[in-house]
Amino acid sequence: MALEIEVCVDTLEAALVAESHGATRIELCGRLDLDGLTPDEEFIQAALAQLHIPIHVMIRPRGGDFVYTTEEFAQMERDIEYCKSVGVPGVVLGALSADGQLDLEHILQLAAKAKPEMLVVVHKCIDYTPDTAAAFDQLLAHDHLIDYVLTSGGKPTAREGLEVLQNMVKKAQGRIKVMAAGKITKDNLADLSSKIGAPAYHGRLIV
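Everything in the sequence shown is counted per numbering that gives the first Met the number 0, starting at 0 for the first residue and increasing by one.
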């Protein structure tokens, strides 16, 4: 089966270049210098109009940590509703509680808001939890709401997180797609994908 190759971008030009170089999906962000925020509506509309591959839109109201206020969660819900209204195929979201664990209650609430029209990706907030493998198990119990988990296996790079990623793929058995990330480039993709065995891979320089 062909690998899913997702490129994260924060400009339309970068999205079009990634598509021309063989990306199978775009993660659409604002401000990649802040590790990706919710893009503005104009950017979302332009990407939908001009790209021929699916986009997943980042839902992240600000930089910094992933512990959000009630107002920020309300904004995330509004952004998800907007994406749904214009036909975005998927959204990328996540949240942590003050103790560093997944904020499962809010993650599932946001995911439910996206369903059934959109796919849901839980982003790399999972890599900031004390036990990435245990956090993945929590998400796996909700595979009816969550389609992908974007992760480097709790390490700075996919290569360092290799063992955790391999175990995630085995455990998931396709119920949730593991999307490996963390310094994956077009130069190391073949090697890493053969070792990790995940169906999907993500990066800025992956094509």
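Think of the CB as a built atom: it goes at the ideal place given N, C-alpha and C, for glycine as much as any other residue.
Query: For L92, the three-state DSSP class (helix, strand or coil); Result: strand
Query: Cβ neighbours of R174 in the same chain (closer than 7 Å, five flanking residues each side left out); Result: L139, D142
Query: Contact the segment 52-61 vs the segment 22-41: 3+ CB pairs below 8 Å; Result: yes
Query: L92 burial status per 10 Å Cβ neighbour count (16 or more: buried); Result: buried
Query: Spatially closest choice to D34 from G181, S192, P198, by CA coordinates; Result: G181
Query: Closest by C-alpha distance to G89, when choosing among A132, H122, I195, P198; Result: H122
Query: Selection from L204, V8, E71 that minimises the alpha carbon distance to A46; Result: V8
Query: Residue span of the alpha helix (DSSP H) that contains M167, given as start and end; Result: 161-171
Query: Complete beta strand (DSSP E) runs within the segment 39-78 (minimum length 3 residues, chain order); Result: 54-57
Query: Beta bridge counterpart(s) of H141 as assigned by DSSP; Result: Looking at the DSSP assignment, H141 forms no beta bridge with any residue, so it has no partner.
Query: Same chain only: Cβ atoms within 6 Å of Y147, ignoring 5 sequence neighbours per side; Result: V120, K176, M178
Query: Beta-bridge partners of I149, as assigned by DSSP; Result: First, the amino acid is wrong: residue 149 is Leu here, not Ile. Answer is M178, bridged to L149.
Query: Close beta carbons around K83, own chain, < 7 Å, minus the five adjacent residues each side; Result: A113, E116, M117
Query: Proximity of A94 and I106 at Cβ, strictly below 8 Å; Result: yes
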